[in-house]
Amino acid sequence: MMCKTLSAAIHGVDVHSVEVEVNITRISDPQTDRIVSIIGLPDAAIRESRDRIWSALTMCGFSMPKGRSTINLAPADLRKSGSAFDLAIALTILGVDGVFAAEELAGTMLVGELSLSGELRPISGALPMAMHAKNIGLRRILLPYENAREAAAVSGISVYGVRHLLDAVLFFTEHRGLIPTQVDLQELFAQQQQSSLDFSDVKGQESAKRALLIAAAGNHNLLMIGEPGVGKSLIANRIPGILPKMTLEEALEVSKIYSIAGVLSAQQSLVVNRPFRAPHHTVSDAGLLGGGKNIPRPGEISLAHRGVLFLEELPEYRRNVLEVLRQPMESGEVTLARAAGSFTFPARIMLVAAMNPCPCGYYGSQTRRCTCSSFQVQNYRNRISGPLLDRIDLHIDVPPVSFELLTAKRSGESSASMRDKVNQARDRQLHRFKNTDILDNAGIYGKHLDQFCQLNQSSLKFIQHTIRSLKINARSYDRILRISRSIADLEDCEMINEEHISEAINYRSLDRSLEERY
16 MMCKTLSAAI HGVDVHSVEV EVNITRISDP QTDRIVSIIG LPDAAIRESR
66 DRIWSALTMC GFSMPKGRST INLAPADLRK SGSAFDLAIA LTILGVDGVF
116 AAEELAGTML VGELSLSGEL RPISGALPMA MHAKNIGLRR ILLPYENARE
166 AAAVSGISVY GVRHLLDAVL FFTEHRGLIP TQVDLQELFA QQQQSSLDFS
216 DVKGQESAKR ALLIAAAGNH NLLMIGEPGV GKSLIANRIP GILPKMTLEE
266 ALEVSKIYSI AGVLSAQQSL VVNRPFRAPH HTVSDAGLLG GGKNIPRPGE
316 ISLAHRGVLF LEELPEYRRN VLEVLRQPME SGEVTLARAA GSFTFPARIM
366 LVAAMNPCPC GYYGSQTRRC TCSSFQVQNY RNRISGPLLD RIDLHIDVPP
416 VSFELLTAKR SGESSASMRD KVNQARDRQL HRFKNTDILD NAGIYGKHLD
466 QFCQLNQSSL KFIQHTIRSL KINARSYDRI LRISRSIADL EDCEMINEEH
516 ISEAINYRSL DRSLEERY
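Structure below.
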């Protein structure tokens, strides 16, 4: 006797169909009347599922069929992990035992972990599983009730939230007891939260706000340098509020990552606001990039996809942790090679970092005396490698706010006004790059620099002189052109002029020596 159904396995951010097959062979030996074996490269959590399933069936008034039960998870060469196969295995066993017709399981994906009493526990990856079920032509998916709203964000497939194994049995035997979960996506996006953090609350720091506006307009990476207490973190926390609102496609991308990582709450169907991730400087390279014993999970850089990754006190991060950022910052994705295979996670981020100018924090300060030697200052800066700094487009100095500005009323430009300017600049870029795979100014490379960052004669002479005097390398030169392009877009200029280049050069402060900067 044999029965089969479909479940799913997560590999990185990809979902693979897993066919759950149960075959029961009757045996006459009373000493071994029930033998259960699970094959198909299962991990420890799956091998333990037979005890969970046995208990759940018993508590629901059923029993394991007598004989040798062979449970195969196909394809056999694909490693499976996690506890999401419990529901599929249990219902397939009941299908073999004749509790309901095996044909009832056709066109259905089953995922969920069972407790010993038969209740279903939430799982990770419900959203991408529902997307996969729709893509392969299934008509419905049954999963834990806590994951139903998340999965229901996928249109075109019926999503049933199940609280208990008996609810699923009733659904397949009498076609009742479960109601499809529905989510209004338009309403979700209409409820996009307006951040309570507004740039109008930031006193002074107009030059830093201008730099952040340019960074947001072109999706450029940015580094803020300033003594403690000048407002670097205060400013960084407000950046998501000036970025363009996420589209449905972007929201699904981000929500898929959050679902796989298991950080999407039961009350949240989609992540509709730009992510802002700020890992502590003690984070490991696996915590930042992603990792795991067998099948890796997304790290902080992927959780910040389509949003902001903020690294405060940048030199305090371990050197090996910072160096792993270099490849994702260029390619927009993270590739991890493991024994189980190669896994790729999306990581298109806006990196925002902050640091003090020296270990004590007061090098070049007009208010407090620095206690660091020149060797200590240089050694502190050298904790950040040149190749990594080259990949950060804007380096800006954030000075202390004067007493007059601190005591004055808050009158800065609002985040809503800044977002409008960013949206206009991004619209110009989308129009400009419509026949390419470029999405924003930060992504202009190679021959496209000559095509989209055109300089007039005076601008060309000016930048040639600057390269010679500041000894700027090729990568920094490319960054300056991209920043200039974003400045020109904010001012609705198609041609880059001298003023745009001059301002862009001012945002490359670490290209100059310490003596030149202070």
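The opening residue of the sequence shown carries number 16 in the working numbering; numbering runs sequentially from there.
Ideal placement from N, C-alpha and C gives every residue a C-beta, glycine not left out.
Note that the coordinates shown come from a computational prediction; the quantities given were computed from them, not determined experimentally.
Selection S78, G55 and V278 evaluated against L93 yields G55 as nearest (Cα-Cα).
When C-alpha distances from P313 are compared across L109, D182 and F360, the shortest belongs to F360.
The straight-line gap separating the alpha-carbon atoms of T85 and R49 is approximately 11 Å. The DSSP-derived three-state label of I407 is coil.
Around the CB of N234, 16 or more other CB atoms lie within 10 Å, so the residue is classed as buried. Positions of the beta strand (DSSP E) runs, each at least 3 residues long and wholly inside the segment 196-260, are given as 237-240 in order along the chain. If you draw a straight line from the Cα of N456 to the Cα of I498, it comes to about 8 Å.
Judged by DSSP in its simplified three-state form, D29 adopts strand. Non-local beta-carbon contacts of K247 in its own chain, meaning distances under 6 Å to residues more than five positions away in sequence, involve M239, G241, A369 and V413 in chain order.
With a threshold of 16 other beta carbon atoms within 10 Å, V392 meets it and is buried. Contact between L125 and L157 is confirmed by a C-beta separation of about 5 Å, below the 8 Å threshold.
In the structure shown, the three-state DSSP call for L267 is helix. Shown here, T422 sits in a helix according to DSSP, grouped into three states. Under the 8 Å Cβ criterion, the segment 287-302 counts as touching the segment 251-261, having at least three qualifying pairs. Straight-line spacing of the CA atoms in H147 and F358 works out to 17 Å. For G302, the uninterrupted alpha helix (DSSP H) run begins and ends at D300 to L304, by DSSP. The shortest C-alpha to C-alpha distance from F187 to any of G113, P143, I229 and A230 is the one to G113. Between A145 and A168, the gap from beta carbon to beta carbon is short of 9 Å. Taking C-beta separations shorter than 7 Å and ignoring five residues to either side along the sequence, the partners of R191 in its chain run L185, following chain order. Where M144 is concerned, the enclosing alpha helix (DSSP H) starts and stops at A141 to N150. Bounds of the alpha helix (DSSP H) holding M344 are R341 to S346. Going by DSSP, S357 is part of the beta strand (DSSP E) stretching over G356 to P361. Non-local beta-carbon contacts of R494 in its own chain, meaning distances under 6 Å to residues more than five positions away in sequence, involve D408 in chain order. Nearest Cα to P343 within the set E264, A319 and L135: A319.
Distance from the CA of A89 to the CA of Y175, rounded to the nearest whole angstrom, comes to 24 Å.
Shown here, Y175 sits in a strand according to DSSP, grouped into three states. Put simply, the backbone Cα of S430 is about 56 Å away from that of E36. In the DSSP assignment, V323 falls within the beta strand (DSSP E) that extends over V323 to L326. Secondary structure note for I61: its alpha helix (DSSP H) is the uninterrupted segment A59 to R62. For S52, the enclosing beta strand (DSSP E) starts and ends at R49 to I54.
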